[in-house]
Amino acid sequence: MRLKMLVAAVFGILLLAVTAMAEESAEEYLEKAKLAQKMGDHVKATDLFSKAVRQGASGGDVFFRRGLSLERLGKFKEAVQDYSKTLELDPRMETAFNNRGSAYYRLGEYDKAIKDYSKAIELNQSYGLAYYNRGNAYHGKGDFDRAIADFTRSIEIDPRDRDAYNNRGWALLQRNEVEKSIDDFSRALQLDPNYLLAYYNRGNARLKLDDANGAVKDLTRAIELNPDYALAYFQRGNAHVKKGELDEAINDYNRAVRISPTHADAYNNRGWVFFKKGNIVQAIRDTSKAITLNPDLPKAYANRGWIHKSVGECANALPDLNRALELDPNSAPLYAFRAECLLQMNQPNKAIKDLERAYSIDPGNPETLLMLGTLKEASGDYEEAVNIFKRLASQRPDDPESHCNLGIALGKKGQIAAAVEEFSRAIQLDPKHRESYLRRGIAYDFLGDPKRSRADFSRALSLPEPGGVSLRQPVNAAVLNAIATSRGNGSEK
């Protein structure tokens, strides 16, 4: 009996000791967790914070810190839960609002992120990081005006924040304020001469300004800072294309796809460069690879379609162009391009529909107007042809071709005197414009003025025939001679 009592007493002492240790362990876990977090071991830190919670730790700090480690581990939903618990315990903790906003941002929930950042700013008007983060969220939503305003406020609070300058520059670039964006990227680089992203972004901006040399310089510096930066090789390749350095471009695209074998844009662009070099087989292979990697890349279909068309394979080009337009139904150039294919396949009515669609998207494109006007004229719709060529002439008042085309359409509509005015205007702009002399000669003949008609024909025959490809059928010398000896009825409708 005494032995049993002794054992019980010893056991009781051990139990008290264990209980005492358990009461202290929450704090110990917290200290160990903080140390692990400081050392960057967020897996261990998360585990230790969780043990501290199980042992009774319940202050806002433990949930806030665990949320921070969870966020570092990419576990954003769990981080949101911990930051929310923190805010239940401390509703005025601005950093918890900021951090929960960042977790929402990572989840793509920009509106929730903006709401949290705004609350953090409400609690602390000088919280520069919250302005910066909210700027990123607005940028994610495509609201570049608000993004720029927030980045600007962040810079006012901390004028040495390189990231705020860089991100404001990127937002300005999206608004096509390219020169201002370059100023911001340059300021970021003054603050940090080894700032990789700023070199890359400034290279992009310079490329947009057609400063290919400056772009190559910046992108080369980005590559020096990170030799495995696939995007920098890709963009430098694009800059080399601008410079006409096709072999250098191919080398950069090669490096981009070695580093990032799924880089569809690099394959697509390399394919286009191979096409420019006349390597049709490799061009088709690369654009097809781009489509395999990204079946929703419209420019890859467009490029492969163009390559097929260039070798007379419009039947193969058409499915690619159809798919490109399914993916990008508001691309005026694609409609105009498909119209060219349809014309080659002797489908003018379908071509007209595509050109009308292209015109509705981009009314200011002169090439589209020229093609559409010519086809309308060929189809006998002279009224619409005249309207289209009038728009073209108003866009290009100093272009003799535009006035000549308008004159031809007016003539076919029966407005001969008005046609003569347009041909005369074309000749004023270019005294050697052979086509206008020819057409005006025909018009004078119809008006019953053989003297002026013969003079224009003689002048036309003395001028060399222009080179290049025309959408119109030329008027040959035999026809001219026949017209020169005839006489029109002088009527005008």
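Under mature numbering (1 follows the signal peptide of the UniProt record, and there is no 0), read the sequence shown as residues -22 to -1, 1 to 471, first letter to last. Where a beta carbon is used, it is the ideal one built from N, C-alpha and C, also for glycine.
query	result
Candidates Pro171, Thr346 and Pro297, of which the one nearest Arg138 by Cα	Pro171
Helix, strand or coil at Glu226 [DSSP, three-state]	helix
C-beta atoms of Ala371 and Val398 nearer than 8 Å	no
8 Å Cβ cutoff met for Tyr82 and Asn111	no
Nonlocal neighbours in the same chain, by C-beta distance under 7 Å from Ala149, ignoring five residues either side	His117, Phe122, Ala125, Ile126 and Phe129
Start-to-end residues for the alpha helix (DSSP H) that takes in Val21	His20 to Arg32
Segment contact flag, the stretch 219 to 226 with the stretch 259 to 271, C-beta cutoff 8 Å, min 3 pairs	no
Local Cβ density within 10 Å of Leu13, reported as buried at 16 or more and exposed below that	exposed
From Pro341, Leu416 and Arg32, residue whose alpha carbon lies closest to that of Glu5	Arg32
Reduced DSSP category for Leu449 - H, G, I as helix; E, B as strand; rest coil	Any reading at Leu449 is ruled out, since the residue's pLDDT is 42, under 50, leaving its predicted position unreliable.
Supposed contact pair Ala302 and Ala280 - C-beta distance, whole angstroms, cut 8 Å	4 Å
Beta-carbon proximity of Gly249 to Thr265, cut-off 8 Å	yes
Straight-line gap, Leu384 to Leu347 (C-alpha atoms, nearest Å)	11 Å
Where Pro69 sits in the DSSP three-state scheme	coil
Closest residue to Asn216 among Leu275, Ala190 and Asp196 (Cα-Cα distance)	Ala190
Assumed close pair Val219, Val194 - CB separation to whole angstroms, cut-off 8 Å	Not really, about 11 Å apart at Cβ, beyond 8 Å.
Own chain, CB closer than 6 Å to Tyr177, minus 5 neighbours either side, in chain order	Asp196, Arg199 and Ala200
Unbroken alpha helix (DSSP H) run spanning Ala35, endpoints	Counting along the chain, Ala35 falls outside any alpha helix (DSSP H), and DSSP gives it neither H nor E.
The alpha helix (DSSP H) enclosing Met323, as first and last residue numbers	From DSSP, Met323 is part of no alpha helix (DSSP H); its letter is neither H nor E.
Inter-residue spacing [alpha-carbon to alpha-carbon] between His381 and Tyr337	20 Å
Cα-Cα separation between Ala166 and Tyr231, rounded to whole angstroms	28 Å
Contact set for Glu49: own chain, Cβ-Cβ below 8 Å, skip 5 residues either direction	Ala57, Asn77, Ser80, Ala81 and Arg84
Rounded separation between Ser402 and Asn324 - CA only	34 Å
8 Å contact criterion, which Asp434 and Tyr415 should meet: CB distance rounded	5 Å
Where the alpha helix (DSSP H) through Thr352 begins and ends	Pro344 to Ala356
Inter-residue CB distance, His286 and Asp274 (contact presumed, cutoff 8 Å)	The Cβ separation is near 20 Å, so there is no contact.
Of the residues Val40, Lys277 and Lys390, the one placed nearest Asn247, counting alpha carbons only	Lys277
N-terminal and C-terminal residue of the alpha helix (DSSP H) that His381 is part of	Pro378 to Lys391
Helix, strand or coil at Thr240 [DSSP, three-state]	coil
Where residue 546 sits in the DSSP three-state scheme	The structure shown has nothing for residue 546, since the chain only spans -22 to 471.
Status (buried if at least 16 other CB within 10 Å, exposed otherwise) for Val40	buried
Cβ neighbour criterion (16 or more within 10 Å) applied to Pro378	buried
Spatial distance of Ala142 from Met17 (CA atoms)	27 Å
Start-end ranges of the beta strand (DSSP E) lying completely within the stretch 58 to 115, minimum 3 residues	none
Spatial neighbours of Glu334 in its chain, beta-carbon cut-off 7 Å, leaving aside the 5 residues before and after	Leu350
7 Å CB neighbourhood of Ala363 in its chain, flanking five on each side removed	Gly351, Lys354, Glu355 and Ala387
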